[in-house]
């Protein structure tokens, strides 16, 4: 396994010129291991698709370099790069059958007829399109079109597979099923992949590592679990999962990597997670909704009023107002818990190990 | 990094990538060379001839524009004719388009086809019909004289009449597209909010159509100004620029004065063209998506329907009357003297004009596919490729569209009757000069329809092909071309029709060896052999219709599979 199979070195892409210049990608550096699936995740306009298109060769970087397997490819035209792309709208050739679409790349590379035939059959079996080879793409469902697009890219055995929001045109249920399929397929084939999406759930399920981008810059790189547990800033914490941000300051530094914070007039212990803080520093406490527990009103605990309660079967969602701040709370498996109604007074308890402390930042 | 340095680097990057595709580079350079030689160079020659006399710069031609009557009278006449035709033509086009898109007019298909028929006919046929109907021994002349007294069809009145019939269809096509693209929900919303039918029209429909109206007006204005076929037949003593330039050059051999008249013609048409392209079209509210809307209003008041229907019927009747007259006239033994019906004109036309027909067919058949392929290829480069001078390529290739045929024709004889360092061949008198003229004059429409077709195709489909390893040429051949085939064939139809019916530019470059039907018709008209002219015109129209049918049949067979699936993208 090569550690730096795909390397983006300090990539910059600026569109337009003069006053209208827009920096779409701002000094982005990423290293992708062989066989790894890395997701570029971010809101629209964050530069993720531009980055992907630079790897494919459809956009030229303003500066920086791209290496695949040690070779710089910046000045290689897209048709000669060892990458293939699954397009957002599939980009199937409407005047060709499914089979012709899939075989297109091999035909371009002048492979022998028999081997094209054989490989096409294999790939179609792999993605589950057997028997649909002679249909025009227009006669396929969205999910099937998506698989044709995937098959057309996979058959080329690219060094790097690029996927540009491949699931965004599918309906919700199919999306969930397909993303698992893609993950299994990717692991079975062991192909190095870069996946672009704005859907954090998709990124969490699919990726070995996630690259979070915002305004052209990388915010954080890491496994889904690491990013969820230890977001580096407010944007990441907010974008990945749901989060309550409680303002406070550091009351004291405790042993064993712990802090004591002053939040809403209460002392709250929280993990330091390797970061350094000083006493009196303003901080944000990141509280995930599922790491809050509710109890009956108590004099020695942080208390609030239930403003909203929604029953969802598998979980209960509350909005509790405490000290002029609204805290979202999610209680899993409500049958096992005391339920509270709107207007009731409750106490809030944070699960200490799930808390995360950030230096103070204004909300955007 | 400064903006300038960045731009330099990006340009370098683009050049390096193009350098990796040498075929593309060669194609781009080749196209630029052709555009330079066959579009820019002839126009430059006309300008040069108008300002250089005996080898020295001499602006006396232009200094005389306001003092010499032979300059400013035709200029004023042309402008006045253009404005009148544009106003009347736009009005008729708008009412017709409104009738077809917004009212429950019966037999819409019939009205639409009739209204657009003059577009595929040679330009001067309407003028010929006007002479047959209202000329000195016209069929309706006695009747009209009883009503309005003695008159002459030759002159401004006749010109406005024939140009209105010839060019209203252009306005109709533009406005039909615009009105069809206006979402009827907007009008329904206005009505829902309490506006009366008239108020809806005044506050919603009309304002939304204003850019379209301006566009239509300017296009008809350009066509009227550039028209040669009708004025040369019917203008009489009303001197217009296109005819005067022609007479100066072929009659007086005064290249300098002819060129100056051509430039006087060029300035307003090019101005109008750029107004239309860059100013009016930018103000457009509707983007033509090609998505037709079922917009007709069911319970329209009679006082709206009646005048709209009346005008539609009237105009359609006029088209029938004019073309019917040509048909009738073509069977008369001797126009105005002996009205016995006979086939003799056709027999004689075939005997005398066989060479013209063969030449016209041969040259058009050579020029048409070349025009189509070149047009599509340029459209492809402009829309899909990044290269230095892309904007310039679009500008130059669209230029011939704005330049009147008279100017182009004069430019071609000036540019190609001698060797130059740019182009070391003499073309005057050859078939090549005619074919080249046809190609470069008719190409802009091919480019336009190609651009429109390409813009509807998601570029990621082509990127997918590149991504899988195909080079530019392969992608164009295997992916782009099949998808734009319908637009390609309709471009072919257009360029064939235009090639067959061309006159204003072509009349300068025909020769004894290579001659065309249109020129033959003008010859007959010149000799007052109206019946023969009518017969020849009808043969021409018949050929064009037959070709249309054949190409449409082929498109139907090839295009069916393609069009059925373009919905995917």
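Residue numbers (the numbering used here), protein chains in the order written: chain A, 121 to 484; chain B, -13 to 555. Every residue, glycine too, gets a C-beta built ideally from N, C-alpha and C.
Using the C-alpha atoms, what's the distance from residue 523 of chain B back to residue 59 of chain B? Counted from its first residue, the second chain places residue 59 of chain B at position 73. Counted from its first residue, the second chain places residue 523 of chain B at position 537. Cα to Cα, the separation comes out at about 32 Å.
So, does the CB of residue 451 of chain B fall closer than 8 Å to a CB anywhere in chain A? The sequence position of residue 451 of chain B within the second chain is 465, counting from 1. Closer than 8 Å to some Cβ of chain A, the Cβ of residue 451 of chain B qualifies, so yes.
By Cβ distance, which residues of its chain are closer than 6 Å to residue -5 of chain B, with the 5 residues on each side in sequence left out? By 1-based counting over the second chain, the position of residue -5 of chain B is 9. Once the five neighbours on either side are set aside, residue -5 of chain B has no close Cβ partner at all.
Between the beta-carbon of residue 144 of chain A and the beta-carbon of residue 167 of chain A, is there less than 8 Å? Residue 144 of chain A sits at position 24 when you count from the first residue of the first chain. Residue 167 of chain A sits at position 47 when you count from the first residue of the first chain. Yes, these two residues count as a Cβ contact at 8 Å.
Can you tell which of B/188, B/358 and B/212 has its C-alpha closest to the C-alpha of residue 424 of chain B? Position 438 of the second chain, counted from the start, is the residue given in the question as residue 424 of chain B. When each option's Cα is compared against that of residue 424 of chain B, the closest is B/358.
Beta-carbon gap between residue 529 of chain B and residue 107 of chain B smaller than 8 Å: As a working mapping, residue 529 of chain B is identified with position 543 in the second chain. As a working mapping, residue 107 of chain B is identified with position 121 in the second chain. Going by C-beta atoms, residue 529 of chain B is not nearer than 8 Å to residue 107 of chain B.
Assign residue 273 of chain A to buried or exposed, taking buried as 16 or more other Cβ atoms, counted over all protein chains shown, within 10 Å of its Cβ. The count along the first chain starts at 1 and reaches residue 273 of chain A at position 153. It is buried - the Cβ of residue 273 of chain A has at least 16 other Cβ atoms within 10 Å.
If you draw a straight line from the C-alpha of residue 189 of chain A to the C-alpha of residue 125 of chain A, how long is it? For this step, residue 189 of chain A is matched to residue 69 along the first chain. For this step, residue 125 of chain A is matched to residue 5 along the first chain. The straight-line gap from Cα to Cα measures roughly 5 Å.
Taking Cβ positions, are residue 308 of chain A and residue 326 of chain A nearer each other than 8 Å? The sequence position of residue 308 of chain A within the first chain is 188, counting from 1. The sequence position of residue 326 of chain A within the first chain is 206, counting from 1. No, these two residues do not count as a Cβ contact at 8 Å.
Beta-carbon separation of residue 121 of chain A and residue 154 of chain A under 8 Å? As a position in the first chain, residue 121 of chain A is number 1, starting the count at 1. As a position in the first chain, residue 154 of chain A is number 34, starting the count at 1. Their beta carbons are under 8 Å apart, which means residue 121 of chain A touches residue 154 of chain A by this criterion.
How many Å lie between residue 234 of chain B and residue 240 of chain B at the Cα? Here residue 234 of chain B refers to the residue found at position 248 of the second chain. Here residue 240 of chain B refers to the residue found at position 254 of the second chain. Cα to Cα, the separation comes out at about 5 Å.
Give me the subset of the segment 206 to 218 of chain A whose CB atoms are less than 7 Å from a CB atom of chain B, sorted by chain position. 207, 209, 211, 212, 213, 214 and 215
So, using beta-carbon positions, are residue 381 of chain A and residue 370 of chain A closer together than 8 Å? Translated into the one-based positions of the first chain, residue 381 of chain A becomes position 261. Translated into the one-based positions of the first chain, residue 370 of chain A becomes position 250. For residue 381 of chain A and residue 370 of chain A, yes; Cβs fall inside 8 Å.
DSSP state of residue 313 of chain A mapped onto helix, strand, coil: Residue numbering aside, residue 313 of chain A sits at position 193 when the first chain is read from its first letter. Three-state result, residue 313 of chain A: strand.
Does DSSP put residue 362 of chain A in a helix, a strand or coil? Against the first chain, residue 362 of chain A aligns to sequence position 242. Coil at residue 362 of chain A, not helix or strand.
In chain order, what residues of the segment 457 to 470 of chain B put their CB closer than 9 Å to some CB of chain A? 457, 458, 460, 461, 464, 465, 468 and 469
Interfacial residues, the segment 230 to 245 of chain A to chain B, with Cβ spacing under 9 Å: none
For residue 355 of chain A, collect the residues of the same chain with a Cβ closer than 7 Å to its Cβ; drop the 5 residues on either side in sequence, then sort them by chain order. Mapped onto the first chain, residue 355 of chain A falls at position 235. Cβ within range, chain order: 334 and 339.
Between the Cα of residue 208 of chain B and the Cα atoms of B/338, B/388 and B/98, which residue gives the shortest distance? Numbered from 1 along the second chain, position 222 holds the residue referred to as residue 208 of chain B. Nearest option by C-alpha distance: B/388.
At least three beta-carbon pairs within less than 8 Å, the segment 56 to 71 of chain B to the segment 121 to 138 of chain B: no
Please check if any C-beta of chain A sits within less than 8 Å of the C-beta of residue -8 of chain B. Against the second chain, residue -8 of chain B aligns to sequence position 6. Closer than 8 Å: yes.
What are the complete beta strand (DSSP E) segments, minimum 3 residues, inside the segment 12 to 85 of chain B? none
Through-space distance from residue 23 of chain B to residue 407 of chain B, alpha-carbon basis: Stepping through the second chain from its first residue, residue 407 of chain B is reached at position 421. Stepping through the second chain from its first residue, residue 23 of chain B is reached at position 37. Rounded to the nearest angstrom, the two C-alpha atoms are 11 Å apart.
Can you find the residues in the same chain that come closer than 8 Å, C-beta to C-beta, to residue 312 of chain B, ignoring five residues on each side of it along the sequence? Translated into positions along the second chain, residue 312 of chain B becomes position 326. The residues are 111, 114, 115, 118, 520, 523 and 524.
Just to confirm, are residue 157 of chain B and residue 79 of chain B a CB contact at a threshold of 8 Å? Residue 157 of chain B sits at position 171 when you count from the first residue of the second chain. Residue 79 of chain B sits at position 93 when you count from the first residue of the second chain. Contact flag set, yes.
Where residue 297 of chain A and residue 202 of chain B are concerned, what is the direct C-alpha to C-alpha distance, given to the nearest angstrom? The residue labelled residue 297 of chain A in the question sits at position 177 within the first chain. The residue labelled residue 202 of chain B in the question sits at position 216 within the second chain. If I take the Cα positions, the gap works out to 54 Å.
Which residues, in order along the segment 88 to 117 of chain B, keep a beta-carbon less than 7 Å from a beta-carbon of chain A? none
Could you tell me which residues DSSP puts in a beta bridge with residue 283 of chain A? Indexing the first chain from 1 puts residue 283 of chain A at position 163. BP columns for residue 283 of chain A point to A/206 and A/315.
Rounded separation between residue 47 of chain B and residue 39 of chain B - CA only: Here residue 47 of chain B refers to the residue found at position 61 when the second chain is read from its first residue. Here residue 39 of chain B refers to the residue found at position 53 when the second chain is read from its first residue. Using only the alpha carbons, I get a separation of about 10 Å.
Is any beta-carbon of chain B found at less than 8 Å from that of residue 225 of chain A? Numbered from 1 along the first chain, position 105 holds the residue referred to as residue 225 of chain A. Judged by the 8 Å Cβ criterion, residue 225 of chain A is in contact with chain B.
So which residues of chain A does residue 455 of chain B contact, with C-beta pairs closer than 8 Å? The residue labelled residue 455 of chain B in the question sits at position 469 within the second chain. Simply 199, 200, 225, 228, 229 and 276.
Please determine if the segment 462 to 470 of chain B and the segment 80 to 96 of chain B are in contact, where contact requires at least 3 C-beta pairs separated by less than 8 Å. no
Span of the alpha helix (DSSP H) holding residue 347 of chain B? Numbered from its first residue, the second chain carries residue 347 of chain B at position 361. Residue 347 of chain B -> alpha helix (DSSP H) spans 330 to 370.
In chain order, each alpha helix (DSSP H) run of at least 4 residues that lies wholly inside the segment 190 to 273 of chain B: 192 to 212, 215 to 220, 227 to 232 and 241 to 260
For residue 149 of chain B, which three-state DSSP category applies? Reading the second chain from its first residue, position 163 is the one you call residue 149 of chain B. Note: residue 149 of chain B maps to helix in three-state DSSP.
In terms of residue numbering, what span does the beta strand (DSSP E) encompassing residue 451 of chain B cover? Here residue 451 of chain B refers to the residue found at position 465 when the second chain is read from its first residue. Segment 445 to 453 is the alpha helix (DSSP H) holding residue 451 of chain B; no beta strand (DSSP E) there.
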